[in-house]
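Note that this note's numbering numbers the sequence shown so that position 381 is 381, with each residue one more than the last.
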Amino acid sequence: MAPRLLAAGLASDAVAGVVLRDVLLVDGSGRPGLRTDVLVRGDRIERIGRIGTGDARGLRVVDGGGRVLAPGFIDLHTHGDPLQSAYTQYLAMGVTTVLLGQDGGSPALRDSGRAADSLPAWMDAVAAANPDVNVATLSGHGALRRRAGIDDGTRKPTDAQLERLQAILDADLRAGAFGMSTGLEYVPGRYAEMRELASLGPVIARHDGVAMSHMRNEDAGSVRDSIRELVEASGPARAHVSHLKMVYGKGEAAADDLLDFLRGLRDGGKALTADAYPYEASYTGVAIVFPEWALPPSDYDSVRRERGAELRAHLQQRVEQRNGPEALLFGTGPHAGETLAQVAAKQGKAWPDVLLDIGPGGGQAAHFVMDRALQDRLLLAPFVALGSDGSPGGSHPRSAGTFARFIQEFVVARPLLPIEEAVRKATSLPASILGIADRGSIREGAKADMLLFDPAKVRARADYVHPKTMAEGFDLVLVNGQPAYENGESAARAGRLLRRGA
Ligand SMILES: [Zn+2]
């Protein structure tokens, strides 16, 4: 059980302050670590330097024993809803701030299509709910479309519809959303054309938000065109590629080519960043292998009846291109835990027929479509931050392992980069991408989101068979100065709803 030492005389169970003695301060900037003490009072870092006994009176004292003290990690790509579930597995891997509203979606529109739902109202509800982590959100473009009353299949919204989109986005940003996300591979984002997308860039820029995108096509041969589309659509706003990858690309040279392309755009003056996770499988709906003409608003049963042979041929070609039926592992539904090849063998059917039966709405799956050498190279680029692309209870190990695996594999086991740079990519880099000024670094006056850990003891324990097993090794996690997770146990719910510019 985690000890909760309370300062004497406090009416609530809030901790008045903490002194962390003899830590290796890795402050998030990338600068070399420094042995020192840190004093936290309330929710802020008050002092860095030798802290005397007198200064520590009435405060909890933690002996760091030379362990790393780092800012809490900021996850740039998170799913789920803190009104529905706790983010304990995120705290366990060192994440103290999550960014929701991804891929064009919105946690406020879980049940999709309820046009009356409002993101600002959801934000107020989260603020009142004492989440266990800090919660920031984007405004999802697909959700905006539905809130503006645009039917999903619409490619050319009217001027009046575009004005509604802009007005709702503006209201979300004024309420403190950090930018807008698009999900251009999904319904309804896939129906959006440049005129529509480009009309929103200036609205995002007006609030100094970021335009984040799950791009239209992540295949190795198309990813550059997708990035060009993002850059054009974002216009004057900062642009950010979500879960950067090259589906079925191979090797470090391919990664270097893509990074050169990104650097060229950055050198040309475009503010352009990305996030990635250290796993070889993506995780998304099986709809990803179906052609657009089989997706909503098309009626799948009619499509199957009328164009069955053509659909079967498409599925066969698409799955083979994506490393075959062994590389598609169901994560939800009746076949969870089995590959498409295994389900086909069990049912005594050809695998394309299994997919035809399942249909595009048939649940989520892990897709082993990435090359490790290539993805590692992308993840090491200095302008690429971490993003788990996971959710509480998610069926991909990235949901419970991303940040721990990054420390374990990239810093300790191989090692590919120093702890200072690894921490920077998970703290001050994402903070600067979001425009959060008072988190993501340990300095006097900043908010006290902090992690105490020995990098050599950090373990990501989730795998594809046990995707929910929590990470280990982050001994003490402070959120807004309060112990939120300690020695494997949840403690205070000290997270806040973060608003841009607040
Ligand atoms: Zn995505």
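Just so you know, even glycine gets a beta-carbon here, dropped at the ideal spot from N, CA and C. Quick caveat, the model's predicted, so the values are computed rather than measured.
By the CB criterion at 8 angstroms, Leu452 and Asp438 fall outside the cutoff. Leu355 is a Cβ neighbour of Val289, given a cutoff of 8 angstroms. Going by C-alpha positions, Arg146 is about 10 angstroms away from Gly140. By the 16-neighbour rule on beta-carbons within 10 angstroms, Lys346 is exposed. Residue state for Asp170 is assigned as helix, using DSSP reduced to three classes. If you ignore the 5 residues before and after Arg424, its C-beta comes within less than 7 angstroms of the C-beta of Gly28, Ser29 and Gly30, all in its own chain and listed in chain order.
Distances between the C-beta of Gly183 and the heavy atoms of ligand 1 include at least one below 7 angstroms. Residue selection by CB proximity (closer than 5 angstroms to any heavy atom of ligand 1) returns Asp103 and His214 in chain order. By the Cβ neighbour-count rule, Arg398 is buried, with 16 or more other Cβ atoms within 10 Å of its own.
By the CB criterion at 8 angstroms, Gly331 and Ala365 fall inside the cutoff.
Asn130 is classed as exposed because its beta carbon has fewer than 16 other beta carbons within 10 Å across all chains shown. Contact between Ala462 and Lys468 holds, since their C-beta atoms are separated by about 7 angstroms, short of 8 angstroms.
Taking C-beta separations shorter than 8 angstroms and ignoring five residues to either side along the sequence, the partners of Arg266 in its chain run Leu272 and Phe383, following chain order.
In the displayed model, Asp438 falls within coil according to three-state DSSP, outside both helix and strand. CA-to-CA, the gap between Ala344 and Ile358 works out to about 12 angstroms. Going by beta carbons, Ile45 and Thr36 fall outside the 8 angstroms limit. Beta-bridge analysis with DSSP links Ile74 to Thr97. If you draw a straight line from the Cα of Gln84 to the Cα of Gly264, it comes to about 42 angstroms. Contact holds between the stretch 204-212 and the stretch 233-250, because three or more Cβ pairs, one in each stretch, are under 8 angstroms apart.
In the structure shown, the three-state DSSP call for Gln89 is helix. When the Cα atoms are used, Arg372 and Ala70 turn out to be separated by approximately 27 angstroms. The shortest CA-to-CA distance from Lys447 to any of Arg21, Leu34 and Leu39 is the one to Leu39. In this structure, Thr158 keeps its C-beta atom at 8 angstroms or more from the C-beta atom of Val479. Within the DSSP bridge table, the entry for Phe178 names no partner. Residue burial annotation: Lys245 is buried, with at least 16 other C-beta atoms found within 10 angstroms of its C-beta. The residues Val23, Leu24, Leu452, Phe453, Asp454 and Asp475, in chain order, have a CB closer than 8 angstroms to that of Arg67 in the same chain once the five nearest residues on each side in sequence are set aside.
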